[in-house]
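Its first residue numbered 49, the sequence shown is counted upward by one per residue in my numbering.
Glycine included, C-beta positions come from ideal geometry on N, C-alpha and C.
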Amino acid sequence: MCRDREPWAFNSGPHCSEVSQPLRLGIIGCGEVSQCIHLPTLRELPQLFEVVALCDVSRAVLDVIAGQWIGATRFMHHRELLADAHIDAVLIANHSVDHAGTALDAIAAGKHILIEKPMCINLREADLLQAAEAGSGLVVQVGFMRRYAPAFTEAVERVRTLRDSIMLARVHDVIGMNSLIINSIGGAMPRSDLGDDARTRVRSAMTAAIAVAIGQGAESRARAYEVLLGLGSHDFSAMRELLGTPERVLFAAHRHRGFVLTAAVDYRHYVCQIEIALDHLPRFDTYLEVYTEREVLRVDYDTPYIRHIPAKLQITGTYGTAGITSTSRFSTRRDSFALEWQSFYEDIRHRRQPKTSVADAREDLVLFRDMVGLMQ
Numbered sequence: 049m050c051r052d053r054e055p056w057a058f059n060s061g062p063h064c065s066e067v068s069q070p071l072r073l074g075i076i077g078c079g080e081v082s083q084c085i086h087l088p089t090l091r092e093l094p095q096l097f098e099v100v101a102l103c104d105v106s107r108a109v110l111d112v113i114a115g116q117w118i119g120a121t122r123f124m125h126h127r128e129l130l131a132d133a134h135i136d137a138v139l140i141a142n143h144s145v146d147h148a149g150t151a152l153d154a155i156a157a158g159k160h161i162l163i164e165k166p167m168c169i170n171l172r173e174a175d176l177l178q179a180a181e182a183g184s185g186l187v188v189q190v191g192f193m194r195r196y197a198p199a200f201t202e203a204v205e206r207v208r209t210l211r212d213s214i215m216l217a218r219v220h221d222v223i224g225m226n227s228l229i230i231n232s233i234g235g236a237m238p239r240s241d242l243g244d245d246a247r248t249r250v251r252s253a254m255t256a257a258i259a260v261a262i263g264q265g266a267e268s269r270a271r272a273y274e275v276l277l278g279l280g281s282h283d284f285s286a287m288r289e290l291l292g293t294p295e296r297v298l299f300a301a302h303r304h305r306g307f308v309l310t311a312a313v314d315y316r317h318y319v320c321q322i323e324i325a326l327d328h329l330p331r332f333d334t335y336l337e338v339y340t341e342r343e344v345l346r347v348d349y350d351t352p353y354i355r356h357i358p359a360k361l362q363i364t365g366t367y368g369t370a371g372i373t374s375t376s377r378f379s380t381r382r383d384s385f386a387l388e389w390q391s392f393y394e395d396i397r398h399r400r401q402p403k404t405s406v407a408d409a410r411e412d413l414v415l416f417r418d419m420v421g422l423m424q
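Here it is in structure tokens:
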């Protein structure tokens, strides 16, 4: 592998390789999602990415993960990793409260970015990111892997032809805590060497960032906003691609200390109902559903922590004069995260903005703010 080539950029080609040369990738944050999903996915994509650097605030986690990636340089601080001129792009998968600051540093360092959701915590941070990205010539892609699933993209194309006949839509996402599934298949190495000070710093920073987004208020209201950032960002992002951006939030409420959310958003000639909740059943009960006068489309998702379970598109319609037909299908078992990474690579190679862009993710924050504003 050629090591002295220049980093990939929109305005300068590689120094000693063709554009098909793998991108040299740095991983910022080696926690649960990196260990269980991103790093295993990247092992399957050596023609696209070479993991050359790893960074985590936990020395224990960093040493174990780096031991599995021989040759990758270890860093304890993201700015040290970003200073490495040999790195072309980074995955930002540290704590969500640190996403915006890390991404701003990465843009300043000239690195392409795949940033895990939520992109940031509030609109102030989103605006800073958008301003930094503008004119940088860099790809900044937000990690909404559900939108890269072929079952979903097929549904998007189909809904385009049915838009005028939609009667009702539903977004449903009720899942158990991820640990219930992860721990049953080997688990992720925890940051056991970090003390209470680190956890207090993160909690304090998150509380302050959420207050900027929704103001001060009840603890359950802040938790509802945090659930929207974590789980709801997947749902709203996919809803907007499938149906478009709604005109307004009609209704929103939270119950059970902020862990259960219901809402309704207005699409003028129909309403989309939204149900989001966290419980203690080890399963994913997650789907998008669109009702038209003659057809019902539904995209079902399963847990991403058991890899290569495809999203499925179910289509229900009429059969004969008084019958019903229903099909459930998927076109590939390629993992949605692998397709997301492939899109990231192609976006950089072809100098194009990703569909899950900074501006796109910002729209969710507007809806979250409006939803929480209606919650009592």
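Taking just the CA atoms, how far does E289 sit from K159?
27 Å
Classify M215 as helix, strand or coil using the three-state DSSP reduction.
strand
Grab me the residues of M287's own chain with a C-beta within less than 6 Å of its C-beta, minus the 5 sequence neighbours each way, in chain order.
V219
On the DSSP bridge list, what partners appear for S252?
None, per the DSSP bridge assignment.
Can you name, in chain order, every residue of its own chain whose Cβ lies under 6 Å from the Cβ of T364, other than the five neighbours on each side?
V344 and S374
Under the three-state reduction of DSSP, which class applies to G149: helix, strand or coil?
Residue state, collapsed to three classes: helix.
For M193, is the classification buried or exposed, using 16 other Cβ atoms within 10 angstroms of its Cβ as the cut-off for buried?
buried
Which residues in the same chain have their Cβ closer than 6 Å to the Cβ of H143, if we skip the five residues on either side of it in sequence?
V250
Quick one: complete alpha helix (DSSP H) runs, 4+ long, within the region 105-167?
107-115, 126-130 and 147-156
Under 7 Å, do L139 and L102 count as touching if we go by C-beta distance?
No, these two residues do not count as a Cβ contact at 7 Å.
Judging by CA-CA distance, which residue of E411, V406 and R417 is the nearest neighbour of L186?
Of the residues E411, V406 and R417, the one whose Cα lies closest to the Cα of L186 is V406.
On a Cα-Cα basis, can you pick out the residue from C168, T340 and Q95 that is closest to V260?
C168
Whole angstroms are fine: how far does the CA of E337 sit from the CA of Q424?
28 Å
How would you label R72, buried or exposed, when you count the other beta carbons within 10 angstroms and need 16 or more for buried?
With 16 or more other Cβ atoms from the protein chains shown falling within 10 Å of its own Cβ, R72 counts as buried.
Just checking, does the region 203-210 make contact with the region 306-322 on the three C-beta pairs under 8 Å criterion?
no
On the CB-based measure, 16 or more other CB atoms within 10 Å of its CB, does Y349 come out buried or exposed?
buried
With distances taken from CA atoms, which of R195, S285, D241 and D412 is nearest P358?
If we check each option's Cα against that of P358, R195 comes out closest.
In three-state DSSP terms, what is F416?
Note: F416 maps to helix in three-state DSSP.
With DSSP run on the structure shown, which of helix, strand or coil describes S281?
Three-state DSSP puts S281 in a helix.
Taking the continuous beta strand (DSSP E) assigned at A101, which residues delimit it?
F97 to C103
Using 8 Å as the threshold, is the region 210-230 in touch with the region 100-115, meaning 3 or more CB pairs across them?
The region 210-230 and the region 100-115 do not touch, with fewer than 3 CB-CB distances between them shorter than 8 Å.
Which same chain residues, not among the five before or five after F378, have their C-beta less than 6 Å away from its C-beta?
A199, P358 and K360
So for E343, helix, strand or coil by DSSP?
strand
Using the C-alpha atoms, what's the distance from A270 back to A131?
36 Å
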